[in-house]
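Chemist: Before I ask anything, here is the structure I am working with.
Numbering (our numbering), first residue to last: 258 to 516.
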């Protein structure tokens, strides 16, 4: 019936017209109706499935808060490639692949003593995560005695590459390198200790040690040098923010406001 109705309407509308036009119109209408009848309703759109990535197991490390401003209270020798840790600050030298310097801050409260531990019966081991040139060895622990008696103790340590006089009378700087990365082996080390013995009063000791085995029986005073000698050799200033009038002794000798 629907096909006949469309066909009749087409004949009336084009009376006297071409038979082909009426026939074409009649043939297209059933096709359109068939398409409309067979049209499929659109599939509803679903929200994308949210997949959370699997959490990768990561190791946890206990890292204390940085005390850089407290450790470096009396001045930075330099600012090249600084690395800060809970108890010390380090400046790394990319050329020699060692440190320019390492600065520690010690107080009696941070030197934890456990009476149940007898250190004389313990096997001493250096921290393998720190380059051997800057690991604390047994001889270094004598400086902890100063820290136990002082309010605050600042210890600055670093390498030096000092010149020597050759047979031809000229001076040369010569040092060994080791490993695949050519890590420089310093000729000497310096160590400067700044101790606050009482509120606002400081004492300083300055040491220059050759990079060789030093017997424990050797008096440390043998290696006393002026602070200026270390500063000139290292190319930086040490504890330069400390007011001059606060320094009472240098290398065991009283000073009158001068370093």
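Virtual Cβ for every residue (Gly too), placed ideally from N, Cα, C.
Computed from a predicted structure; not experimentally measured.
For the beta strand (DSSP E) containing residue 340, name the first residue and the last one.
Modeler: 339–341 is the extent of the beta strand (DSSP E) around residue 340.
Chemist: Nearest to residue 504 by CA position, among 490, 455, 355 and 477, is which residue?
Modeler: Among 490, 455, 355 and 477, the Cα nearest to that of residue 504 belongs to 455.
Chemist: Using the beta-carbon count (16 or more within 10 Å), is residue 492 buried or exposed?
Modeler: Classification for residue 492: exposed.
Chemist: So what's residue 344 in DSSP terms, helix, strand or just coil?
Modeler: Three-state DSSP puts residue 344 in coil, outside helix and strand.
Chemist: Taking the Cβ atom as the reference point for each residue, do residue 508 and residue 462 lie within a distance shorter than 7 angstroms?
Modeler: Cβ atoms of residue 508 and residue 462: closer than 7 angstroms.
Chemist: Opposite residue 453 in the DSSP bridges: which residues?
Modeler: Paired residue(s): 409 and 459.
Chemist: If you follow the beta strand (DSSP E) that residue 361 is part of, which residue opens it and which one closes it?
Modeler: That run of the beta strand (DSSP E) goes 355–363.
Chemist: Within 10 Å of its beta-carbon, does residue 361 have 16 or more other beta-carbons around it, so buried, or fewer, so exposed?
Modeler: Classification for residue 361: buried.
Chemist: Which residues bound the beta strand (DSSP E) around residue 504?
Modeler: Taken as a continuous stretch (DSSP letters only), the beta strand (DSSP E) holding residue 504 covers 504–507.
Chemist: With 16 as the cutoff for other CB atoms within 10 Å, does residue 472 come out buried or exposed?
Modeler: Residue 472 is exposed by the Cβ-count criterion.
Chemist: For residue 420, does the count of other Cβ atoms within 10 angstroms reach 16, so buried, or fall short, so exposed?
Modeler: The residue in question, residue 420, is exposed, as its Cβ has fewer than 16 Cβ neighbours within 10 Å.
Chemist: Could you pull the DSSP bridge partners for residue 434 from this structure?
Modeler: DSSP, once it has assigned bridges, lists 441 as partnering residue 434.
Chemist: Compute the Euclidean distance between the alpha carbons of residue 453 and residue 437, then round it to the nearest angstrom.
Modeler: Computed Cα separation, rounded: 43 angstroms.
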